[in-house]
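To start, the structure under review is shown below, and the notes come after it.
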Amino acid sequence: MKIRIGVGYTGGLTDAAGFGAAIDAIAGLHFDSLWLSEVLTGAVPDPLAGLAFAAGRHPRLKLGTTMLLPGHHPLRLAKQLATIDALSDGRLLVTFVPGLARSPEREAVGVPPAERGRVMEETMPLLRRLWSGDTVTYRGSAVTMEEVTLSPLPVQQPLELWLGGMAPAALERCGRMGDGWLPSLCTPAEVAAGREIIDRVAERSGRQIDPEHFGISLGYSFEPLDDRVAASIAARSRGNPVADVVAVGAGALRDLVHRFVDVGFSKFVVRPLVPPADWPSELERLAAAVGDLQT
Numbered sequence: 284m285k286i287r288i289g290v291g292y293t294g295g296l297t298d299a300a301g302f303g304a305a306i307d308a309i310a311g312l313h314f315d316s317l318w319l320s321e322v323l324t325g326a327v328p329d330p331l332a333g334l335a336f337a338a339g340r341h342p343r344l345k346l347g348t349t350m351l352l353p354g355h356h357p358l359r360l361a362k363q364l365a366t367i368d369a370l371s372d373g374r375l376l377v378t379f380v381p382g383l384a385r386s387p388e389r390e391a392v393g394v395p396p397a398e399r400g401r402v403m404e405e406t407m408p409l410l411r412r413l414w415s416g417d418t419v420t421y422r423g424s425a426v427t428m429e430e431v432t433l434s435p436l437p438v439q440q441p442l443e444l445w446l447g448g449m450a451p452a453a454l455e456r457c458g459r460m461g462d463g464w465l466p467s468l469c470t471p472a473e474v475a476a477g478r479e480i481i482d483r484v485a486e487r488s489g490r491q492i493d494p495e496h497f498g499i500s501l502g503y504s505f506e507p508l509d510d511r512v513a514a515s516i517a518a519r520s521r522g523n524p525v526a527d528v529v530a531v532g533a534g535a536l537r538d539l540v541h542r543f544v545d546v547g548f549s550k551f552v553v554r555p556l557v558p559p560a561d562w563p564s565e566l567e568r569l570a571a572a573v574g575d576l577q578t
């Protein structure tokens, strides 16, 4: 397996110099990719604007986003992602998620949580058709299009769509429609069982997901977690001990990565649970902890 480690940027955006320094350190320390998550009400950059900035700053760094699919107009989203892929010469990595179900993000997304799965399943085939160059006419519950042909097209043909999520419906959707899987806040045993479901559904659907397309979004901290952060993780970890779903300390991070590799997962997005005050220093510590695991 080719083990690749990307970095999830969890900090705010105060100025171009600070964000640029973090991007420079990710590239300079030979991490595989920069990842920006879409959280509309969070103190994080917009992923499309941030990745466009990063694409122009570094010619080889891969550009990843864990992005909402509900709440976006499919045509506009198709054009935005295709443009970034075209301008970066095919460096874009996309994972779609339904979005957080808690306030205020729930209201900001604009699609009730119970309807988000349906919207994702309606939208993904449209995106694929638009990115292939088809002329699309479509009338559905999420959008209507009349003889639309997208331009520019992505450099990557196809532009792969990974999915997140641990719920049974999310696993089924990934098996039927996804090109890869990137869950978070889960144990090695949970993802091993989830992968079995995904592979089984994919086979039943007449498709196969590349064995190298299974990854983890992995939160970590080099310092002990305060009570607030630990409680937040515990509330979202489905009853798992916090130490089984995030890593606290460099040794714990390295060990947890190894445990996921042992069950067949090879792509990692590691993200500080608490945004560091000094990103370049944080990334040097991260590279010392896990940078040599990349193969």
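Note that my numbering has the sequence shown beginning at 284, numbered continuously upward.
Just so you know, even glycine gets a beta-carbon here, dropped at the ideal spot from N, CA and C.
All figures in this text were calculated on a predicted structure; none of them were measured in a lab.
Counting only runs that start and end within the segment 384 to 418, where is the alpha helix (DSSP H) found for 4 or more residues in a row?
388 to 392, 396 to 415
With which residues is Thr-427 paired in a DSSP beta bridge?
Arg-422
Quick check: the Cα distance between Ala-563 and Phe-551, rounded to an integer number of angstroms?
Checking the sequence shown, residue 563 turns out to be Pro, not Ala. Roughly 19 Å between the two C-alpha positions.
When we look at the beta-carbon of Met-284 and count the other beta-carbons within 10 Å, is it buried (16 or more) or exposed?
exposed
Exposed or buried, which one is Asp-509 when buried takes at least 16 other CB atoms within 10 Å?
exposed
Specify, as a first and last residue, the run of the beta strand (DSSP E) that Arg-511 falls within.
No beta strand (DSSP E) contains Arg-511, which is instead part of the alpha helix (DSSP H) from 510 to 519.
DSSP-derived helix/strand/coil call for Phe-551:
strand
Can you name the start and end residues of the beta strand (DSSP E) that Lys-345 belongs to?
345 to 351
I need the DSSP call for Thr-366, collapsed to helix, strand or coil.
helix
How big is the Cα-Cα spacing for Ala-304 and Ile-367?
21 Å
So is Pro-328 buried or exposed if we call it buried at 16+ other beta carbons inside 10 Å?
buried
Pro-381 and Leu-352 closer than 8 Å at C-beta
yes
Rounded straight-line distance, which links the Cα of Thr-432 to that of Gln-439
17 Å
So what's Phe-497 in DSSP terms, helix, strand or just coil?
strand
Since Gly-547 and Pro-494 are thought to touch, with beta carbons under 8 Å apart, how far apart are those beta carbons, to the nearest angstrom?
7 Å
Given Arg-374 as reference, the closest of Ser-316, Asp-417, Leu-360 once Cα atoms are compared
Ser-316
Unbroken beta strand (DSSP E) run spanning Ser-564, endpoints:
Counting along the chain, Ser-564 falls outside any beta strand (DSSP E), though it belongs to the alpha helix (DSSP H) covering 562 to 573.
How about Gly-477 and Pro-466: do their beta carbons lie closer than 8 Å?
yes
Given that a residue counts as buried once 16 or more other Cβ atoms are within 10 Å of its Cβ, and exposed if not, what is Pro-330?
buried
In this structure, how does DSSP classify Leu-536 when only helix, strand and coil are distinguished?
helix
In terms of residue numbering, what span does the alpha helix (DSSP H) encompassing Gly-339 cover?
330 to 340
Mark Thr-406 as exposed unless 16 or more other C-beta atoms lie within 10 angstroms of its C-beta, in which case mark it buried.
buried
Is the segment 498 to 514 close to the segment 529 to 537, with three or more CB pairs under 8 Å?
yes
Alpha carbon of Arg-399 to alpha carbon of Leu-376, nearest angstrom
21 Å
What residue from Thr-293, Gly-447, Tyr-292 has the CA that sits closest to Ala-469's CA?
Per the sequence presented here, residue 469 reads as Cys, with Ala not at that position. Ranking the options by Cα distance to Cys-469, first place goes to Gly-447.
DSSP state of Arg-456, grouped into three classes?
helix
Is it buried or exposed, Arg-519, if we count other Cβ atoms within 10 angstroms and call 16 or more buried?
exposed
In the DSSP assignment, what residue or residues form a beta bridge with Gly-502?
Arg-554
Along the chain, where does the alpha helix (DSSP H) that runs through Arg-478 open and close?
471 to 487
Over what stretch of residues does the beta strand (DSSP E) that includes Gly-291 continue unbroken?
287 to 291
Checking 8 Å against the spacing of the C-beta atoms, do Glu-443 and Val-484 come in under that value?
no
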